[in-house]
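This report concerns only the one structure given below.
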Amino acid sequence: MNSPPTTRAFHVMAKPTGAQCNLDCAYCFFLKKDALYPGSTFRMSDDVMEKYIRQTIAGHTVPQVTIAWQGEPTLMGLDFFRRAVDIEMDALRPGMTIENTFQTNGVLLDDEWCEFLHETRFLVGLSVDGPRALHDAYRKDKAGNSVFDKVVKAARLMQKHQVEFNVLCTVNAVNSQHPLEVYKFFRDELQTPYLQFIPIVEKEEGSDPCSVSSDQDSGVKITNRSVQPGQYGRFLIEIFDEWVQRDVGKMYVLFFDGVLMSYLRGHSSLCVLQPTCGEGVALEHNGDVYSCDHFVEPQHLLGNIATTPLPLLVSTVKQLRFGQSKSRTLPHVCRECAFLFTCHGECPKNRVLKAPDGEAGLNWLCAGLKAFFAHTEQPMKAMADLLKRGRPAEEIMQAVKRTA
28 MNSPPTTRAF HVMAKPTGAQ CNLDCAYCFF LKKDALYPGS TFRMSDDVME
78 KYIRQTIAGH TVPQVTIAWQ GEPTLMGLDF FRRAVDIEMD ALRPGMTIEN
128 TFQTNGVLLD DEWCEFLHET RFLVGLSVDG PRALHDAYRK DKAGNSVFDK
178 VVKAARLMQK HQVEFNVLCT VNAVNSQHPL EVYKFFRDEL QTPYLQFIPI
228 VEKEEGSDPC SVSSDQDSGV KITNRSVQPG QYGRFLIEIF DEWVQRDVGK
278 MYVLFFDGVL MSYLRGHSSL CVLQPTCGEG VALEHNGDVY SCDHFVEPQH
328 LLGNIATTPL PLLVSTVKQL RFGQSKSRTL PHVCRECAFL FTCHGECPKN
378 RVLKAPDGEA GLNWLCAGLK AFFAHTEQPM KAMADLLKRG RPAEEIMQAV
428 KRTA
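Following the working numbering, the numbering of the sequence shown begins with 28 at its first residue and continues without gaps.
The structure is reproduced here in structure tokens:
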């Protein structure tokens with residue numbers, strides 16, 4: 028089936044094993060999605076894999092296309108990805124390159140995996156929540172055992188084989204209390220310069236709730252594993268203060284870079300901070316496509332790539348409305364906020380509160396985000412000014428030292 032190219036940029040997060048995983052992370056929202064496919068083997072067929080790759084490549088006119096693998100892709104086995112790379116090479120058009128991204132918990136990585144990841148230049152996201160005690164708080168295997176040593180081993184193996192990887196660290200109720208311990212572990216012990224912090228905002232489903240404040244109660248309860256709004260702000264602020272004093276240009280924190288782009292270009296590079304969304308869809312193991320990996324729900328099913336090519340699915344009226352609803356449903360209090368230009372209400376999945384005036388749609392993280400934006404406004408402006416003048420952003424560190 029031919030896939031017509033589209034002028035609408037799109038990114039696909041393929042989950043070749045669906046909701047299956049070899050870990051049992053307490054806060055993982057995706058494990059419950061197995062109920063959507065009762066009786067499934069949760070293994071992507073080569074046919075679906077080939078359609079995903081060919082339709083993604085054929086659907087773009089840009090010189091570089093990303094093929095992304097999420098969930099726990101190592102469960103598919105190494106040969107699956109060898110076949111995938113062969114298909115990519117066959118499907119590539121002249122002048123086009125492929126960027127493969129790969130998110131994993133690292134438990135199954137060994138020398139053979141890392142040799143492959145290096146040779147094929149995969150960009151890997153490794154899930155780690157900090158030093159042992161903080162990582163083990165919510166990330167364990169099916170038997171309740173720690174996997175921390177295996178994850179650190181995976182990081183060392185990737186460093187040995189020169190695999191480019193970044194750390195994916197959730198910010199939850201436990202590690203959010205120790206921001207500098209988390210940051211310094213990654214910087215000084217794990218020695219990885221690329222960090223992505225992912226706030227856990229988990230809706231109550233049978234666990235002990237943390238009730239929202241009465242003046243903002245929307246009827247939604249948030250679990251006690253989730254990060255509290257104020258603590259999320261303090262977590263980011265303490266890490267930012269350490270980073271801006273000594274690590275600019277050496278450590279790369281995705282959220283900081285995304286906010287800086289708002290000051291530099293007027294819009295962020297992060298989907299959660301953009302005014303609209305909908306360009307990143309989720310591909311299930313059987314070829315089903317959903318509006319977003321945070322909205323893998325029947326009402327957000329767009330179709331299946333076996334019958335409708337990906338470029339057409341991401342361009343449907345349904346998906347366009349999904350993306351536009353991010354700004355359309357923004358509360359009035361957000362529209363008047365001084366930091367609207369860099370926040371845009373953050374991710375719609377986290378909009379579980381009512382605003383002080385009673386309007387629905389306020390983000391759970393709002394108080395923490397506003398505190399962070401206010402605290403970092405001046406250094407962000409200064410770094411943006413440096414970059415606009417062709418100067419390196421790390422010169423901000425000298426300015427910070429002079430005012431300290």
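The C-beta atom is built at its ideal place from N, Cα and C for all residues, glycine as well.
In angstroms with no decimal places, state the Cα-to-Cα distance between proline 383 and asparagine 199. 25 Å
Candidates Leu367, Lys353 and Phe400, of which the one nearest arginine 378 by Cα: Lys353
Within 8 Å, do at least three Cβ pairs link the stretch 65-84 to the stretch 187-194? no
Going by the DSSP bridge assignment, what does lysine 230 pair with across the sheet? Ile249
According to DSSP, which residues form a beta bridge with asparagine 127? Ile94
Measuring CA to CA, which of Gly395, Trp96, Val427 and Lys381 is closest to cysteine 370? Gly395
Threonine 44 versus alanine 181: straight-line alpha-carbon distance, rounded: Near 20 Å, if we compare the C-alpha coordinates of alanine 181 and threonine 44.
Counting only runs of 3+ residues fully inside the stretch 134-217, write out the beta strand (DSSP E) ranges in chain order. As far as the stretch 134-217 is concerned, its whole beta strand (DSSP E) runs of at least 3 residues are 150-154 and 192-198.
Kindly give me the distance between the Cβ atoms of aspartate 61 and aspartate 168, rounded to whole angstroms, as I take these residues to be in contact under 8 Å. 17 Å between Cβ atoms; not a contact.
Would you give the residue range spanned by the alpha helix (DSSP H) that alanine 409 belongs to? That run of the alpha helix (DSSP H) goes 393-415.
Give the DSSP-derived three-state secondary structure of leucine 2 in the structure shown. Coverage of the chain is limited to positions 28 through 431, which leaves residue 2 absent and any answer about it impossible.
Which partner residues does histidine 38 have in the DSSP bridge list? Gly307
Residues that DSSP places opposite glycine 122 in a beta bridge: None; glycine 122 has no bridge partner.
Is the stretch 357-365 in contact with the stretch 275-293, if contact means three or more CB pairs nearer than 8 Å? no
Give every residue of the same chain whose Cβ lies closer than 6 Å to the Cβ of cysteine 141, excluding the five residues on either side of it in the sequence, and list them in chain order. Leu184, Met185, His188 and Val190
Three-way DSSP call (helix, strand, coil) for tyrosine 79 in this model: When secondary structure is reduced to three states using DSSP, tyrosine 79 falls in the helix class.
Measure the beta-carbon distance from leucine 340 to valine 316 and round it to whole angstroms, keeping in mind my assumption that it falls under 8 Å. 5 Å
Pick helix, strand or coil for glycine 350, following the three-state DSSP scheme. helix
Restricting to runs no shorter than 3 residues, where is the beta strand (DSSP E) found entirely within the stretch 316-395? For the stretch 316-395, whole beta strand (DSSP E) runs of length 3 or above, ordered along the chain, are 328-331 and 387-389.
For leucine 105, which residues from the same chain have a beta carbon less than 8 Å from its beta carbon, with the 5 sequence-adjacent residues on both sides left out? Glu139, Trp140 and Phe143
Could you tell me the alpha carbon to alpha carbon distance between threonine 116 and lysine 248, rounded to whole angstroms? According to the sequence shown, residue 116 is methionine rather than threonine. Looking at the two C-alpha atoms, the distance is approximately 48 Å.
Tell me where the alpha helix (DSSP H) around glutamine 425 begins and ends. 423-430
Along the chain, where does the alpha helix (DSSP H) that runs through serine 289 open and close? 281-292
My understanding is that glycine 330 touches histidine 38, with C-beta atoms under 8 Å, so please give their C-beta distance in whole angstroms. Contact doesn't hold; Cβ gap of about 17 Å is too wide.
For glycine 133, the nearest candidate out of Asp156, Ala111, Gly122 and Leu119 (CA to CA): Considering only alpha carbons, the answer is Asp156.
Going by C-alpha distance, which of Val89, Val112 and Leu328 is nearest leucine 63? Leu328
If you pair each beta-carbon of the stretch 81-90 with each one of the stretch 114-130, do three or more pairs fall below 8 Å? yes
On a CA-only basis, which of Glu208, Val178, Ala160 and Ile125 is nearest serine 154? Give me that one, please. Val178
Return the Cβ separation of proline 419 and glycine 276 in integer angstroms, given the expectation that the two are a contact with Cβ distance under 8 Å. 6 Å
Can you check DSSP and say which residues form a bridge with leucine 50? Under DSSP, leucine 50 takes part in a beta bridge, and its partners are Asp168.
Beta-carbon separation of proline 27 and leucine 392 under 8 Å? Nothing about residue 27 can be reported from this structure: the residues present for the chain run from 28 to 431 only.
Beta-carbon proximity list for valine 299, same chain, < 7 Å, skipping 5 on both sides: Glu373 and Cys374
Any non-hydrogen atom of the ligand NAP within 7 Å of isoleucine 266 CB: As presented, the structure is devoid of all ligands, the ligand NAP included, so that no description of it is given.
Is the Cβ-Cβ distance between alanine 398 and isoleucine 266 less than 8 Å? Not closer than 8 Å, so no.
Report the CB separation of threonine 101 from leucine 135 in whole angstroms; it is logged as a contact under 8 Å. Between leucine 135 and threonine 101 the Cβ distance is about 4 Å, and since that is below 8 Å, they are a contact.
Could you pull the DSSP bridge partners for valine 275 from this structure? Met278
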